[in-house]
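Asker:
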Amino acid sequence: MYWLKKEQLELLVKKLAEEYKIFGPRHDRVSDEVIFDHLTDLSELDLQAAIPYNPPKFILFPHFEEILKYRYEPETKEVRIEQINLLEPKALIGLRSCDLTGLLCLDRFFLGQEYVDEFYLAHRKKLFIISNTCIRPFPQCFCVCTDSGPAAKDGFDLDLTFTGRDYLVEAGSKKGQVLIDELGLAEAGPEASALKKKIIDNSVSSFDSFALENKAWISRATNRLTTGFIKPEVWEYIGNQCFECGACSFVCPTCSCFNIEDANLESSETDRLRTWDSCSFEGYTKMAGDNNPRKPVEDRRNKRFFCKLSYSQSKKYLRPGCVGCGRCARVCPGDIGLPNVVTYIRREITGESGE
Amino acid sequence: MDKNLMPIVSIPEIATIVDIRDEIEDVRSFYFTLDRPEIEQAFQIRSGQFIMCTVFRAGEFAVSLPFSPENDRKHISVRKVGKVTAALHQLEPGDKIGIRGPFGNGFPFEEIKGSNIIYVAGGIGLIPLRSSIIHVLQHRQDFGRVILVYGAKSSKELMYKDSIKEWQATENFETHFTIDRPEPGWSGEVGFVNHLAAKLDLPVSDTVAFVCGPPVMFNAVIKELKLKGIKEQDIYSTLERHMKCGIGKCQHCAIGRTLVCVDGPVYTYKQIRTLGEQI
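Protein chains in written order, with numbering that gives the first Met the number 0: chain E, 0 to 354; chain A, 0 to 278.
(1) Per DSSP, what kind of secondary structure is residue 0/A in: helix, strand or coil?
(2) Would you give the residue range spanned by the alpha helix (DSSP H) that residue 338/E belongs to?
(3) Would the region 233 to 241 of chain A count as touching the region 171 to 186 of chain A if we require 3 or more Cβ pairs under 8 Å?
(4) What does residue 309/E reach in chain A if we use C-beta pairs closer than 8 Å?
(5) If I'm right that residue 277/E touches residue 245/E with Cβ under 8 Å, what's the distance once you round it to whole angstroms?
(6) What in chain E is Cβ-close to residue 94/A, meaning under 7 Å?
(7) When you compare the CB of residue 55/A with every CB in chain E, is at least one pair closer than 8 Å?
(8) DSSP three-state label for residue 177/E, please.
(9) Checking the sheet assignment: what are the DSSP bridge partners for residue 148/A?
(10) Answer yes or no: do residue 322/E and residue 97/E have a C-beta to C-beta separation smaller than 8 Å?
(11) Applying the criterion that 16 or more other CB atoms from any shown protein chain within 10 Å of the CB defines a buried residue, is residue 86/E buried or exposed?
(12) Name the residue from 269/E, 293/E and 218/E whose alpha carbon lies nearest to the alpha carbon of residue 252/A.
(13) Quick check on this structure: which residue in 241/E, 57/E and 67/E has the alpha carbon closest to the alpha carbon of residue 269/E?
(14) Under the three-state reduction of DSSP, which class applies to residue 78/E: helix, strand or coil?
(15) Residue 234/E and residue 339/E: beta carbons closer than 8 Å?
(16) Is residue 270/A buried or exposed, if buried means 16 or more other CB atoms sit within 10 Å of its CB?
(17) Would you say residue 270/E lies against chain A (beta-carbon separation less than 8 Å)?
(18) Could you give the residue range of the beta strand (DSSP E) that holds residue 14/A?
(19) Are three or more beta carbon pairs between the region 82 to 91 of chain A and the region 121 to 135 of chain A nearer than 8 Å?
(20) Alpha carbon to alpha carbon, what distance is there between residue 24/E and residue 68/A?
(21) Residues in its own chain within less than 8 Å of residue 256/E by CB, not counting five upstream and five downstream?
(22) Determine the extent of the beta strand (DSSP E) in which residue 169/E is found, giving its start and end residues.
(23) Between the Cα of residue 69/E and the Cα atoms of 55/A, 189/A and 80/A, which residue gives the shortest distance?
(24) Any beta carbon of chain A sitting closer than 8 Å to that of residue 124/E?
(25) Strictly by DSSP, which residues pair up with residue 191/E?
(26) Per DSSP, which residues does residue 74/A bridge with? Please list them.
(27) Report the neighbours of residue 364/E on chain A: residues whose CB is nearer than 9 Å to its CB, in chain order.
(28) Should residue 262/E go down as buried or exposed, given a rule of 16 or more other Cβ atoms within 10 Å for buried?
(29) Given a cut-off of 8 Å on the beta-carbon distance, is the pair residue 110/E and residue 119/E in contact?
(30) Give the interface partners of residue 109/A over in chain E, defined as CB-CB distance under 7 Å, in chain order.
(31) Are the region 86 to 102 of chain A and the region 48 to 63 of chain A touching, with three or more C-beta to C-beta distances below 8 Å?
(32) Verify the CB distance criterion: does residue 176/E have a CB-CB separation below 8 Å to chain A?
(33) What does residue 2/E pair with, by DSSP beta-bridge criteria?
(34) Taking residue 101/E as part of the beta strand (DSSP E), name the residues at either end of that continuous run.
(35) Determine the DSSP secondary structure at residue 126/A, reduced to helix, strand or coil.
Pasting the structure below:
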């Protein structure tokens, strides 16, 4: 481990900026939110800020992306398909462990199944990842219940832990080590590991005050979701609270459903667009001819929680699909963020009443 | 995976429509060849697979493959139902389309050798079964009884009449047809295809059934076949879902814990029953 002095952080970011486009958390004055964003002004990087309201998945899997272009001339019947170059070196600085875990889920899903998603791969190829230990949890968090925090275990190039004044730095890759060497960071003594452990333990223990009640039931919910032993009434109850807004999907670090549509149909140059989609939308499963096999909202809602917690989906991510960031609970205009859904399932198991 | 069977994954390959045939009302077959000779050469399918077809300046859609893996012309048969298929129907020979695929698991072939085979189709449900029927008839000696039970709303709605005539010329291929309502000049059965299936003397042991058609027909036929004693794991069908990518990423085609594009589109009824979603 190494020490990174506060004033060296600026140097580190500048050095990365020579090679990479820089992304990180910044406080947005207009919305008063912390946003994980492309930083045009590097001084805006704020590693002490709260968990950003958006996960960093948009960097690898944009909301809205042109994946190819084609020119078609109906008169000459000529077609020219043009691939889009998505390869761009990007540095993600200050990733919370939940978000890094989410990104690793996306990696396994997009790159590790039957087929490789070439568009995701292009974004992923040249990435530099710096994770940031959560020295205290935020009120919405429950990463300790989903084994995804408060500190990163793997997948980073550099991992930072704030000790109150400076950062402890750990390299997770060769290119991370190269950067440490280039910056000439001072090696930390043998006490560094114990210090880091103490900081993490302290963070974990402060979850007790708010993450005890429903959140510890996640593994039981996983069991029920996997085996299908959840009564239709529970899904109906959950479905009735869904506004079908799709916000939970959009702020989820692991939700990755997308739609593909061709745009600019009248022009000689047409774009094939890939956009985020959500299983909560009624049109999501609608086929040509208006046949929709999954029309009722509760049918669509259980799909999401199946994706987040069932064993069969966990096999694709090599861990649960929920990373405990709590964003869905924060944005849901109903009351069906993941922790609450776990509560509803718990109530069914224990037979306790609603309030 | 056999290198020759590598599908076209992300960027569509350009193909030329070489021939168009009207099949039934609003259903047309589009014969195509891939423009790049090496791709045309390497393009191989398994019966039951599907492709993603781009209609330029309209969009892309998933469509099952009706042609046999051996000695058959490449084509798709498409009903005009939405805006992309309507745009496809506007095309003429010489026009270009884009092809990705083939994707999906396909019907079993090696595993069912030696069995009796019953095909039950309703309406354009014959399209995805056509490939398997031809493939099986090309290897006729490897199978027991081979039977087609086919129903449609009217005689005009029966698909692939020419192909069926050719198949009937094959020795030991039994065919039974039905239409929903009586018609002048129709001497075959009248009524739903499940009723016809119920009446027929169908084999039961060492028998696999392939069923494809609209959901109502599908459920009714399965019921009859099960009553006769055909096991759930020996009844195969091919499912249809809204699809965007074809490669297991967009998730639109999820049914239960499976994705139709990579785990299907061919399922046994036993699998379908445990997926916990309607068909």
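For every residue, glycine included, the Cβ atom is placed at its ideal position computed from N, Cα and C.
Being a predicted model, the structure only gives us computed values, none of them experimental.
Answerer: Result, derived from the coordinates:
(1) For the purposes of this step, residue 0/A is taken as the residue at position 1 of the second sequence. Summary for residue 0/A: the model assigns pLDDT 44, below 50, so the residue's position carries little reliability, and this model does not support an answer.
(2) Within the first sequence, the letter at position 339 stands for residue 338/E. From DSSP, the alpha helix (DSSP H) with residue 338/E extends over 337 to 349.
(3) no
(4) Position 310 of the first sequence, counted from the first residue, corresponds to residue 309/E. Per Cβ cutoff of 8 Å: 256.
(5) Residue 277/E sits at position 278 when you count from the first residue of the first sequence. Residue 245/E sits at position 246 when you count from the first residue of the first sequence. Right, the Cβ-Cβ distance comes to about 3 Å (below 8 Å), so this counts as a contact.
(6) As a first step, residue 94/A must be located in the second sequence, where it is residue number 95. Within 7 Å Cβ-Cβ: 76.
(7) Here residue 55/A corresponds to residue number 56 of the second sequence, with the count starting at 1. Chain E, which has a Cβ nearer than 8 Å to the Cβ of residue 55/A, makes this yes.
(8) Position 178 of the first sequence, counted from the start, is the residue given in the question as residue 177/E. Reduced to three states, the DSSP call for residue 177/E is helix.
(9) For this step, residue 148/A is matched to residue 149 along the second sequence. Per DSSP, 119/A and 175/A.
(10) Sequence index remark: in the first sequence, residue 322/E carries index 323 (1-based). Sequence index remark: in the first sequence, residue 97/E carries index 98 (1-based). Going by C-beta atoms, residue 322/E is nearer than 8 Å to residue 97/E.
(11) Counting from one through the first sequence, the residue named residue 86/E turns up at place 87. It is exposed - the Cβ of residue 86/E has fewer than 16 other Cβ atoms within 10 Å.
(12) What you label residue 252/A is simply residue 253 of the second sequence in a count that begins at 1. Taking only the C-alpha atoms, the option nearest residue 252/A is 293/E.
(13) As a first step, residue 269/E is located in the first sequence; it is residue number 270 there, counting from the start. Ranking the options by Cα distance to residue 269/E, first place goes to 67/E.
(14) Counted from its first residue, the first sequence places residue 78/E at position 79. Three-state DSSP puts residue 78/E in a strand.
(15) For the purposes of this step, residue 234/E is taken as residue 235 along the first sequence, with counting starting at 1. For the purposes of this step, residue 339/E is taken as residue 340 along the first sequence, with counting starting at 1. No, they are not a contact pair.
(16) Here residue 270/A is taken as the residue at index 271 of the second sequence, counted from 1. The residue is buried, with at least 16 neighbouring Cβ atoms inside 10 Å.
(17) In the first sequence, the residue the question calls residue 270/E occupies position 271. No - not a single Cβ of chain A is within 8 Å of the one on residue 270/E.
(18) Here residue 14/A refers to the residue found at position 15 when the second sequence is read from its first residue. Unbroken beta strand (DSSP E) run through residue 14/A: 7 to 23.
(19) no
(20) The residue labelled residue 68/A in the question sits at position 69 within the second sequence. The residue labelled residue 24/E in the question sits at position 25 within the first sequence. Looking at the two C-alpha atoms, the distance is approximately 54 Å.
(21) Position 257 of the first sequence, counted from the first residue, corresponds to residue 256/E. The residues are 248, 275, 276, 277, 278 and 283.
(22) Mapped onto the first sequence, residue 169/E falls at position 170. 166 to 170 is the extent of the beta strand (DSSP E) around residue 169/E.
(23) Within the first sequence, residue 69/E is the residue found at index 70, counting from 1. Answer by Cα proximity: 55/A.
(24) In the first sequence, residue 124/E corresponds to position 125, counting from 1. It does not; no Cβ of chain A falls within 8 Å.
(25) Position 192 of the first sequence, counted from the first residue, corresponds to residue 191/E. Answer is none; residue 191/E lacks a bridge partner.
(26) Numbered from its first residue, the second sequence carries residue 74/A at position 75. Answer by DSSP bridge pairing, in chain order: 30/A.
(27) There is no way to answer for residue 364/E, as the model of chain E reaches only from 0 to 354.
(28) Translated into positions along the first sequence, residue 262/E becomes position 263. Under this definition residue 262/E is an exposed residue.
(29) By one-based count along the first sequence, residue 110/E stands at place 111. By one-based count along the first sequence, residue 119/E stands at place 120. Taking 8 Å as the Cβ cut-off, residue 110/E and residue 119/E qualify as a contacting pair.
(30) In the second sequence, counting from the first residue as 1, residue 109/A sits at position 110. Under the 7 Å cutoff, chain E gives no residues; its nearest Cβ is about 21 Å from residue 109/A.
(31) yes
(32) Here residue 176/E refers to the residue found at position 177 when the first sequence is read from its first residue. Chain A, which has no Cβ nearer than 8 Å to the Cβ of residue 176/E, makes this no.
(33) Within the first sequence, the letter at position 3 stands for residue 2/E. DSSP lists 167/E and 185/E as partners of residue 2/E.
(34) Within the first sequence, residue 101/E is the residue found at index 102, counting from 1. Here residue 101/E belongs to no beta strand (DSSP E); instead the alpha helix (DSSP H) covers 96 to 110.
(35) Taking the second sequence and counting its residues from 1, the one referred to as residue 126/A is at position 127. Residue state, collapsed to three classes: helix.
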